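Protein chains in written order, with numbering that gives the first Met the number 0: chain A, 0 to 234; chain B, 0 to 234.
Backbone N, C-alpha and C define an ideal beta-carbon position, used for all residues, glycine too.
Owing to the predicted nature of the structure, the values given are computational and were not obtained by experimental measurement.
Number of protein chains: 2
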Amino acid sequence: MAARSYGQYCGLTRAVELIGERWAMLIVRDLLVGPRRYTDLRAGLPRIPTNILSVRLKELQQAGVVRRVPLAHCGLVYELTAYGRELEPIVTALSRWGFQAMGTPAEGDVVTGDSLTMALRTAFQADAAASLPPAVYELRIGPVTLRADVTADGLRIAQLAPPAPPAAGAVALGDPDVVVDAGPGIRDVIAGTLTAADAVDAGVLRVVAGDAALLERFAATFHIPLTRTPQKETA
Amino acid sequence: MAARSYGQYCGLTRAVELIGERWAMLIVRDLLVGPRRYTDLRAGLPRIPTNILSVRLKELQQAGVVRRVPLAHCGLVYELTAYGRELEPIVTALSRWGFQAMGTPAEGDVVTGDSLTMALRTAFQADAAASLPPAVYELRIGPVTLRADVTADGLRIAQLAPPAPPAAGAVALGDPDVVVDAGPGIRDVIAGTLTAADAVDAGVLRVVAGDAALLERFAATFHIPLTRTPQKETA
DNA sequence: CCGGATCCGAATCGATACTG
DNA sequence: CAGTATCGATTCGGATCCGG
Numbered sequence: 000m001a002a003r004s005y006g007q008y009c010g011l012t013r014a015v016e017l018i019g020e021r022w023a024m025l026i027v028r029d030l031l032v033g034p035r036r037y038t039d040l041r042a043g044l045p046r047i048p049t050n051i052l053s054v055r056l057k058e059l060q061q062a063g064v065v066r067r068v069p070l071a072h073c074g075l076v077y078e079l080t081a082y083g084r085e086l087e088p089i090v091t092a093l094s095r096w097g098f099q100a101m102g103t104p105a106e107g108d109v110v111t112g113d114s115l116t117m118a119l120r121t122a123f124q125a126d127a128a129a130s131l132p133p134a135v136y137e138l139r140i141g142p143v144t145l146r147a148d149v150t151a152d153g154l155r156i157a158q159l160a161p162p163a164p165p166a167a168g169a170v171a172l173g174d175p176d177v178v179v180d181a182g183p184g185i186r187d188v189i190a191g192t193l194t195a196a197d198a199v200d201a202g203v204l205r206v207v208a209g210d211a212a213l214l215e216r217f218a219a220t221f222h223i224p225l226t227r228t229p230q231k232e233t234a
Numbered sequence: 000m001a002a003r004s005y006g007q008y009c010g011l012t013r014a015v016e017l018i019g020e021r022w023a024m025l026i027v028r029d030l031l032v033g034p035r036r037y038t039d040l041r042a043g044l045p046r047i048p049t050n051i052l053s054v055r056l057k058e059l060q061q062a063g064v065v066r067r068v069p070l071a072h073c074g075l076v077y078e079l080t081a082y083g084r085e086l087e088p089i090v091t092a093l094s095r096w097g098f099q100a101m102g103t104p105a106e107g108d109v110v111t112g113d114s115l116t117m118a119l120r121t122a123f124q125a126d127a128a129a130s131l132p133p134a135v136y137e138l139r140i141g142p143v144t145l146r147a148d149v150t151a152d153g154l155r156i157a158q159l160a161p162p163a164p165p166a167a168g169a170v171a172l173g174d175p176d177v178v179v180d181a182g183p184g185i186r187d188v189i190a191g192t193l194t195a196a197d198a199v200d201a202g203v204l205r206v207v208a209g210d211a212a213l214l215e216r217f218a219a220t221f222h223i224p225l226t227r228t229p230q231k232e233t234a
């Protein structure tokens, strides 16, 4: 543990000692969405070796970032401590920064429910939403289906079981105002380099149900402006 | 390079792929203070292996975070690109977060000019400074001597040659209003858990010259409130 | 001195297998 | 479900060396 120290008495240094190891920040990202069990984390981090997940969780506990909570009848979950939750603005700022360097997905890249949830939180423009009527969006990207409730009060996101067969007796949450099937090109819509209408024309977004006109409102509500000139990828 | 990918199409993931490797964030911290040459970076990161510094600089260049700038007659410097400078709020937020977990310095921990400069920037309370008269502080910690000019407009920090023998013909910057010699306990003053007066009594701060009453103003100007209950160190 | 490159042992990580 | 154990592949740390 001392071997990993950078040998400086400095707040930033301490921070990266606590959450700078490989995978740690991504674990925090998923836990910012909600408490998760070991298996959930594994599913949300498909490429993490299980031993690494295990040691990271121990280290994060020792750092006071994560807490292990036994559940009443079934298993246990990991959740962020108050100190860990203070990382939220840092995680969203980093997401915004990294968003600009995303390029196109590499072969095999996945999008997970938790990463997309945090991405939407990151892109959420509270002031724009406050000046717009409420709306409920259902967003499908690959195997992930999210339901985003936007009101003047803010944003609430739920992860839905993906293929969503009508499921006769399921709890009806109320129909979304629009259901969108999207590909990775949705990044350009959020970046503002592609209008919603053009995205539909290009097949990047497909309106499965509801009012396609709401897509413009979606783009205004979830937006990360690019501040950097795009640059060659995979150099 | 692909081996280091996390396999997710996500902004946060991309960010940690770009600046999540060991030492990378500390290099950015030092470059946020100003352009630095290879040797400066080595001196500011005493424990970094030179090969790691070398490959990190190359990676950061390829990531569009750092630029290599040949100097007119003498050597070259590394500096942040516009994209790299966007990391400043992230670095200060992380510093603030890590500040709370700093504890007491480990044996052999150092404080560098650049790390202390960024720490002061992190702790700087612009609104408090705006409502206070201007002041010039000279702060000495170990081998590091900083001069912090606080005005209603903001903060400017210069790193001074440490032992400061009177240096007959040196440019006179104007005398600081107070010269303070401090130890690591200054962290408690910035955290607000120790008043400036108590710090002087405890020997944490020593006023070498100037007006000791300014120390209270210093503590109001540079402050990082603790939001977390202190916790056992080095568990 | 500056700006690295090279070499090698130590530590960490990734992949897979296995267990209470 | 919630991890440990093992082992080869990478990366890191420490030291040395080298060309301007």
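(Q) Under 8 Å, with one C-beta from each stretch per pair, do the segment 84 to 93 of chain B and the segment 114 to 126 of chain B reach the 3-pair mark? (A) yes
Q. B:Leu79 and B:Val68 look like a contact to me (Cβ under 8 Å); what is the Cβ gap, rounded to whole Å?
A. With a Cβ gap of about 11 Å, B:Leu79 and B:Val68 do not count as contacting.
**Q.** Of the residues A:Ala105, A:Pro104, A:Gly43 and A:Ala62, the one placed nearest B:Met101, counting alpha carbons only
**A.** A:Ala62
Q: Would you mind listing the beta strand (DSSP E) stretches within the segment 204 to 233 of chain A that are 3+ residues and don't spill past its ends, in chain order?
A: As far as the segment 204 to 233 of chain A is concerned, its whole beta strand (DSSP E) runs of at least 3 residues are 204 to 209.
Q) Mind checking A:Asp174: buried by the 16 CB within 10 Å criterion, or exposed? A) exposed
Q: Name, please, each residue of chain A whose Cβ falls closer than 7 Å to the Cβ of B:Asp108.
A: What B:Asp108 touches in chain A, judged by beta-carbon distance under 7 Å, is Gly6, Gln7 and Tyr8, going in chain order.
Q | Contacting positions in the segment 86 to 105 of chain A - beta carbon closer than 7 Å to chain B | A | Shown in chain order are the members of the segment 86 to 105 of chain A whose Cβ falls below 7 Å from a Cβ of chain B: Leu86, Pro88, Ile89, Val90, Ala92, Leu93, Ser94, Arg95, Trp96, Gly97, Phe98, Ala100, Met101, Pro104 and Ala105.
**Q.** Whole-angstrom distance between A:Ala157 and A:Gln7, CA atom to CA atom
**A.** 42 Å
Q. Fully enclosed by the segment 57 to 89 of chain A, which beta strand (DSSP E) runs are 3 residues long or longer?
A. 65 to 69 and 75 to 79
Q: Please name the residues in the segment 35 to 46 of chain B whose beta-carbon is closer than 7 Å to at least one beta-carbon of chain A, in chain order.
A: When C-beta distances to chain A are compared with 7 Å, the residues of the segment 35 to 46 of chain B below that value are Pro45 and Arg46, in chain order.
Q: Could you tell me whether any Cβ in chain A is nearer than 9 Å to the Cβ of B:Val15?
A: So yes, B:Val15 belongs to the interface.
Q) For B:Thr116, which three-state DSSP category applies? A) helix
**Q.** CA-to-CA distance, B:Val109 to B:Glu232, given in whole angstroms
**A.** Annotation note: pLDDT 37 at B:Glu232 (below 50); position unreliable, no value reported.
Q: Measure from the C-beta of B:Ile156 to each C-beta in chain A and report whether the shortest distance is under 9 Å.
A: no
Q. For a contact meaning CB atoms closer than 8 Å, what does A:Gly19 contact in chain B?
A. Gly19, Arg21 and Met24
Q: Count the other CB atoms, across all protein chains shown, that sit within 10 Å of the CB of A:Leu225; report buried if there are 16 or more and exposed otherwise.
A: Exposed, by the Cβ-count rule.
Q. Which residues in the same chain have their Cβ closer than 6 Å to the Cβ of A:Val27, if we skip the five residues on either side of it in sequence?
A. Leu86
(Q) Please confirm whether B:Tyr77 has its beta-carbon closer than 9 Å to some beta-carbon of chain A. (A) Contact of B:Tyr77 with chain A is not assigned, every C-beta pair being separated by 9 Å or more.
Q: Ignore the nearest five residues each way along the sequence and tell me which others in A:Pro183's own chain have a CB closer than 6 Å to its CB.
A: Pro104
Q. To which residues does DSSP link A:Leu138 through a beta bridge?
A. A:Leu145 and A:Val179
Q. How should A:Ala134 be labelled, buried or exposed, when 16 other C-beta atoms within 10 angstroms of its C-beta is the threshold for buried?
A. buried
Q. Among the residues of its own chain, which have a CB less than 6 Å from the CB of B:Asn50, if the five just before and after it don't count?
A. Cβ-Cβ distances below 6 Å link B:Asn50 to nothing in the same chain once the five nearest sequence neighbours on each side are left out.
Q.
Can you list, in chain order, the residues of its chain with a C-beta nearer than 7 Å to that of B:Leu17? Leave out the 5 residues immediately preceding and following it.
A. Ala62 and Val64
**Q.** Nearest-angstrom Cα separation, counted from B:Gly10 out to A:Phe98
**A.** 4 Å
Q) DSSP on B:Leu11, reduced to helix/strand/coil? A) Residue state, collapsed to three classes: helix.
**Q.** Short CB-CB distance (under 9 Å) between A:Leu11 and chain B
**A.** So, interface residue.
Q) Mapping DSSP to helix, strand and coil, what is B:Asp109? A) As written in the sequence, residue 109 of chain B is Val, which differs from the Asp given in the question. B:Val109: strand per DSSP, three-state reduction.
Q. A:Ile189 to A:Arg216, Cα distance in whole Å?
A. 11 Å
Q. Hey, would you say B:Ala125 sits closer than 9 Å to B:Gly107, going by beta carbons?
A. no
Q: Count the other CB atoms, across all protein chains shown, that sit within 10 Å of the CB of A:Thr116; report buried if there are 16 or more and exposed otherwise.
A: With at least 16 other beta carbons inside 10 angstroms of its own, A:Thr116 counts as buried.
(Q) Within 9 Å of any Cβ in chain B, is that where the Cβ of A:Arg227 sits? (A) With 9 Å as the cut-off, A:Arg227 counts as an interface residue toward chain B.
Q.
Quick check: is any heavy atom of the ligand NAP less than 8 Å from the C-beta of B:Thr103?
A. This structure does not include the ligand NAP; it has no bound ligands of any sort.
Q. Do you know offhand how far B:Leu172's Cα is from B:Ala195's?
A. 26 Å
Q.
Along the chain, where does the beta strand (DSSP E) containing A:Ile185 start, and where does it finish?
A. A:Ile185 -> not in any beta strand (DSSP E); alpha helix (DSSP H) instead, spanning Ile185 to Ala190.
Q. Relative to the alpha-carbon of A:Asp210, which residue among A:Glu137, A:Ala23, A:Leu25 and A:Pro142 has its alpha-carbon at the smallest distance?
A. Ranking the options by Cα distance to A:Asp210, first place goes to A:Glu137.
Q.
Give me the subset of the segment 183 to 205 of chain B whose CB atoms are less than 7 Å from a CB atom of chain A, sorted by chain position.
A. Only Pro183 from the segment 183 to 205 of chain B bring a Cβ to less than 7 Å from some Cβ of chain A.
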